[in-house]
């Protein structure tokens, strides 16, 4: 290393819990809250997202952020409601009313190791709605942004 050169350590992304999941096919949306069926992983750095239960489990205590984006082409004016459910509490996101029902929810929250997180969807009554499919239309993703001291997982 010469004068004026700086060497930075390599970042091990597998040490940062982060995932991106989407759905492989459309999903009918009802008036009751239901898990977003994000059954296809695009990535899952630390294997904390379960495609069978559509659930992320926090491996460590820390600060996390999550996003859910969903769209439906239902052909009538309706409201798609998206949310993020942490354990048994749901945080609702934005809602739009148009012929292309869409929703977005962002949440930054402190989690304890073992807490579970799901993206959820519902709609207003009296309309039929089905989500579009694929990562361009439906995404659920999250990551740990800060870890509480002395809580690193040991493999």
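In this note's numbering, the protein residues as written are 0 to 154.
Beta carbons: idealized from backbone N, C-alpha and C, even for Gly.
All values derive from a computational prediction rather than experimental measurement.
- The C-alpha of residue 28 lies about 25 Å from the C-alpha of residue 64.
- If the five residues before and after residue 144 are omitted, its C-beta is found closer than 8 Å to the C-beta atoms of 61, 62, 63, 64 and 107, all from its own chain and listed in chain order.
- When DSSP states are grouped into helix, strand and coil, residue 14 belongs to the helix group.
- For residue 114, the closest of 41, 54, 31 and 10 by C-alpha to C-alpha distance is 54.
- Residue 50 and residue 6 have their C-alpha atoms roughly 39 Å apart.
- When the beta-carbon positions are compared, residue 122 and residue 17 stay at least 9 Å from each other.
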